[in-house]
Amino acid sequence: MTVVAIGHVDGRTVVASGDTHGTVRLWHPTGPEVSTWTLPGAVHALGFDVPGLLTVGIGAGVIGIHPERV
Amino acid sequence: MAAVDDVLDPVGSFGRWLVRPPDHYSLRHRSRTVVAVALDRLGDRPIVVTGTFDHLVRVWDATTGEQIGDPLAGHTEPVSSIATGTLDGRTVIASGSLDRTVRLWDVATGEPLGTTIDAHTYVVEDVAIGYLDGRTIIASAGRDNTIRIHDARTLEPLAEPIEAKGHWPRSVTIGILDCLTVIVSGGGDGTVRIWDARTGRPVGRPMAGHTDAVTTVAVATLHRGLVIVSGSSDMTVRTWSANTFESIDVRFIRHTGAVHAVAAARTGGRTIFVTGGTDKVLRRWDATTGEPVGEPITGAPFSVHAVATGDLDGRTVVVAGSSDTARIWDVTTGEPVVDLLTGRYDWVRTVAAGRVGDHLGAGFGEGDAAGDQLGAVFGGVDAVGWATERATGFSHPAVGYDGDPRTRVSSVALGRLDRRRRLPWRAGGAPDRPIIVAGCDDGTVRVFDLATNRAVGKPLTGHLGAVTAVAAGRHDGRNVVVSGGDDTTVRVWDAGTGRSAGEPLTGHTGPIRSIAIGHDLVVSGGDDATIHRWAAGAPVGPPVTGHTGPVRSLAIGRLDGRDVIVSGVTTTGSGSGTSSPATPSAPRSPDR
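These protein sequence lines are chains A and B, in that order.
Those letters in the first sequence? Residues 1 to 70, per the UniProt record's numbering, in order.
Those letters in the second sequence? Residues 1 to 592, per the UniProt record's numbering, in order.
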């Protein structure tokens, strides 16, 4: 399963995707993948609820990731 | 590509933060760490058997990952080992436990066969099933420093216990050596030993070389005869000739942690050993050359405690047991095939992340936490919970441990109650607090106030089947809850009154799997591979098509001044039956 979210980093629109293998990817909506993280568990949820912070629901917890400049 | 981290430490030492369920969660549910696995068949159906710390043995369909029947209960302490075999044409399971007993189970009925074998005077470390003179036998290794052999039909000992003094047997398997049924054991003394299954006498001499305890052993028949492979706490894997009692090859690359599990598999015309341990990595080795086969398989979230190999739909696969879960991989390709939902993943079926406000934990004596917080809500078999950086808790008075055990939470979302409206259905408390919205298998949508940990009003009813997707947010100037279900409908609820806002939205031809709420648009995705857009209780334009699999995730955002939808799907590999993620689609314009 892939979960997705759309938000903004450094004022640019980005799309995040996460999968059951624990891989979270950040993409330009119409361009290439820009960042990848491998997390220790299936990704159940993603959110850009705070500017500049990607929240990742993983297992029964949440990891907050500050994406680097994209 | 600017990769940030290869692997993040799950305890949060990477400078970000991680929240976990409350500690009492694990006490309530006990650990379901998978410590033993086996692969077998029940008729034509491939199965996986797991043994876990919660004292239970479970049988799973290896193709679908679904549990078969109820857990096999009887052990009074954690299960330490599992073996499968055939007895009188039936598939049977032998389970060893820290309760010092060995139990035999009929897989088809889920019932114990005969009485409990009081096998050892101390905990059972390992069990194996083999065959001797046409009989099915069970070998068990115990921390009482003995190896015992029982007839599986009568459950009576076949011979006097093998006194393995000084060997401290930790692992055991059964093989055939020159037409002789033998027991092979690995011990805490770092040696591998062979025993005659009929007489219990040692065969040859101990095979020494490991510098720490031998935690796992397996056997395979190669052109050179019976080969033993052993894994050790010294982080190495070694192979031995059962004919010469010599080490065959020491070229095996070391693991970076203790080796806990090893199994042999036949694939592509050659024999492969699969090994796993505390480094969370499965490694494959050519049994003849000792050379690595493919890249190490990663993806086990925690230490690998057990592995087993077998055939699944024509593919050679390995199942690895780890903390709270077990996963099946294709031995040849190293690709994951299916996850068995156990332990925490059994309980936590759905997670949502977001802002949870500043009034959490009142029901747990935490008081008001200062400042806005990020957190997660999660739902599982029988409850919903929340966790933030500062506090954790459960909100489960209606979906609770004392409630209907059939109630399962399929979907959760974070939302807020409407600040501006009078809320006659609210249980109390200040307005504008965060809520959890839970979609349940019993067809209800339930709302919980995160501040009080209490249900808000009565469950919202109307769906004719499991509620498989929920979302909460502002839409058309008010806070709403939107739900979708197996009944293919989407329903919008007024978060202020708890009443349905209009008729069910119909148009999908399969269960709803995802929902997102935008300022003036609700979108839903389903198993029918389509995305529907809704506004003011009516469809907006034709369904968005193009996906080839269930739409499992949706998000609405802004791009270049336009509203866009981002969708994530599940696709099926051609002919393999493997579920694999697809890359996210390019954003699609709502095209309003």
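Cβ coordinates follow ideal geometry from the N, Cα and C atoms, glycine included.
Beta strand (DSSP E) containing residue i: first to last residue?
{"i": "aspartate 311 (chain B)", "result": "306-312"}
{"i": "serine 411 (chain B)", "result": "409-416"}
{"i": "phenylalanine 273 (chain B)", "result": "270-277"}
{"i": "serine 233 (chain B)", "result": "Segment: none, serine 233 (chain B) is in no beta strand (DSSP E) and carries neither H nor E."}
{"i": "proline 434 (chain B)", "result": "434-440"}
{"i": "tryptophan 168 (chain B)", "result": "Element bounds for tryptophan 168 (chain B): n/a, residue is neither H nor E."}
{"i": "valine 445 (chain B)", "result": "445-449"}
{"i": "aspartate 126 (chain B)", "result": "124-132"}
{"i": "isoleucine 517 (chain B)", "result": "512-517"}
{"i": "residue 593 (chain B)", "result": "There is simply no residue 593 (chain B) to check, as chain B begins at 1 and stops at 592 in what is shown."}
{"i": "serine 81 (chain B)", "result": "79-87"}
{"i": "isoleucine 297 (chain B)", "result": "It is not in any beta strand (DSSP E) - isoleucine 297 (chain B) carries neither H nor E in the DSSP assignment."}
{"i": "serine 140 (chain B)", "result": "135-142"}
{"i": "threonine 325 (chain B)", "result": "325-330"}
{"i": "threonine 36 (chain A)", "result": "33-38"}
{"i": "isoleucine 68 (chain B)", "result": "67-72"}
{"i": "valine 3 (chain A)", "result": "2-9"}
Can you round the beta-carbon distance between residue i and residue j to whole angstroms, since I take them to be within the 8 Å contact cut?
{"i": "glycine 276 (chain B)", "j": "leucine 282 (chain B)", "result": "5 Å"}
{"i": "glycine 22 (chain A)", "j": "threonine 36 (chain A)", "result": "Wrong, their Cβ atoms sit about 11 Å apart, outside the cutoff."}
{"i": "serine 524 (chain B)", "j": "valine 490 (chain B)", "result": "5 Å"}
{"i": "glycine 74 (chain B)", "j": "arginine 103 (chain B)", "result": "6 Å"}
{"i": "valine 480 (chain B)", "j": "alanine 469 (chain B)", "result": "Not quite, the Cβ-Cβ distance comes to about 14 Å (not below 8 Å), so this is no contact."}
{"i": "glycine 507 (chain B)", "j": "proline 539 (chain B)", "result": "6 Å"}
{"i": "proline 29 (chain A)", "j": "leucine 559 (chain B)", "result": "5 Å"}
{"i": "isoleucine 68 (chain B)", "j": "valine 37 (chain B)", "result": "In fact, because the Cβ distance is near 15 Å, the residues do not count as touching under 8 Å."}
{"i": "valine 14 (chain A)", "j": "tryptophan 27 (chain A)", "result": "7 Å"}
{"i": "threonine 50 (chain B)", "j": "glycine 310 (chain B)", "result": "That belief does not hold up - the Cβ atoms of threonine 50 (chain B) and glycine 310 (chain B) are roughly 14 Å apart, past 8 Å."}
{"i": "aspartate 126 (chain B)", "j": "arginine 170 (chain B)", "result": "7 Å"}
{"i": "alanine 306 (chain B)", "j": "alanine 264 (chain B)", "result": "Incorrect: roughly 14 Å between the Cβ atoms, too far for contact."}
Look at residue i and residue j and say whether their C-beta atoms are less than 7 Å apart.
{"i": "threonine 211 (chain B)", "j": "aspartate 234 (chain B)", "result": "yes"}
{"i": "serine 140 (chain B)", "j": "arginine 153 (chain B)", "result": "no"}
{"i": "alanine 213 (chain B)", "j": "glycine 188 (chain B)", "result": "yes"}
{"i": "aspartate 106 (chain B)", "j": "arginine 90 (chain B)", "result": "yes"}
{"i": "valine 262 (chain B)", "j": "threonine 216 (chain B)", "result": "yes"}
{"i": "residue 593 (chain B)", "j": "valine 124 (chain B)", "result": "For chain B, the structure presents residues 1 to 592; residue 593 (chain B) sits outside this window and is missing."}
{"i": "isoleucine 194 (chain B)", "j": "glycine 204 (chain B)", "result": "yes"}
{"i": "arginine 135 (chain B)", "j": "tyrosine 122 (chain B)", "result": "no"}
{"i": "valine 482 (chain B)", "j": "alanine 438 (chain B)", "result": "no"}
{"i": "glycine 537 (chain B)", "j": "glycine 502 (chain B)", "result": "yes"}
{"i": "isoleucine 63 (chain A)", "j": "alanine 555 (chain B)", "result": "no"}
{"i": "threonine 76 (chain B)", "j": "aspartate 99 (chain B)", "result": "yes"}
{"i": "valine 237 (chain B)", "j": "glycine 65 (chain B)", "result": "no"}
{"i": "glycine 498 (chain B)", "j": "valine 4 (chain A)", "result": "no"}
From the DSSP output, read off the bridge partner residues of residue i.
{"i": "histidine 532 (chain B)", "result": "B:Ser524"}
{"i": "aspartate 560 (chain B)", "result": "Aspartate 560 (chain B) is not bridged to any residue."}
{"i": "tryptophan 195 (chain B)", "result": "B:Ile183, B:Pro202"}
{"i": "arginine 315 (chain B)", "result": "B:Leu312"}
{"i": "proline 539 (chain B)", "result": "B:Trp534"}
{"i": "glutamate 111 (chain B)", "result": "B:Asp106"}
{"i": "valine 56 (chain A)", "result": "A:Leu46, A:Ile63"}
{"i": "arginine 266 (chain B)", "result": "B:Thr271"}
{"i": "leucine 222 (chain B)", "result": "B:Gly225"}
{"i": "alanine 94 (chain B)", "result": "B:Ala83, B:Leu104"}
{"i": "alanine 471 (chain B)", "result": "B:Val482"}
{"i": "leucine 42 (chain B)", "result": "B:Arg45"}
{"i": "arginine 283 (chain B)", "result": "B:Thr275"}
Run the CB neighbour count on residue i, radius 10 Å, all protein chains shown included, and call it buried at 16 or more, exposed below.
{"i": "threonine 548 (chain B)", "result": "exposed"}
{"i": "aspartate 442 (chain B)", "result": "buried"}
{"i": "leucine 464 (chain B)", "result": "exposed"}
{"i": "asparagine 243 (chain B)", "result": "exposed"}
{"i": "aspartate 40 (chain B)", "result": "buried"}
{"i": "aspartate 542 (chain B)", "result": "The sequence given here has proline at residue 542 (chain B), not aspartate. Looking at its Cβ environment, which holds fewer than 16 other Cβ atoms inside 10 Å, proline 542 (chain B) is exposed."}
{"i": "leucine 27 (chain B)", "result": "Residue placement at leucine 27 (chain B) cannot be trusted, given a pLDDT of 27 that sits under 50; the coordinates are not used to answer."}
{"i": "valine 9 (chain A)", "result": "buried"}
{"i": "histidine 519 (chain B)", "result": "exposed"}
{"i": "histidine 55 (chain B)", "result": "buried"}
{"i": "histidine 29 (chain B)", "result": "Because the pLDDT at histidine 29 (chain B) is just 35, under 50, the model does not fix this residue reliably, and the value given afterwards should be weighed accordingly. Result: buried."}
{"i": "arginine 254 (chain B)", "result": "exposed"}
{"i": "methionine 1 (chain B)", "result": "For methionine 1 (chain B), the predicted structure reports a pLDDT of 24, less than 50, and the residue's modelled location is therefore unreliable. The matter cannot be settled from this model."}
{"i": "isoleucine 137 (chain B)", "result": "buried"}
{"i": "aspartate 487 (chain B)", "result": "buried"}
{"i": "lysine 165 (chain B)", "result": "exposed"}
Could you check if residue i belongs to the surroundings of the ligand COA, using beta carbon to heavy atom distance under 6 Å?
{"i": "aspartate 560 (chain B)", "result": "This structure lacks the ligand COA, and indeed carries no ligand of any kind."}
What are the residues of the region 543-570 of chain B that lie near chain D, defined by any Cβ-Cβ distance shorter than 9 Å?
Structure shown: chain D not included; protein chains present are A and B.
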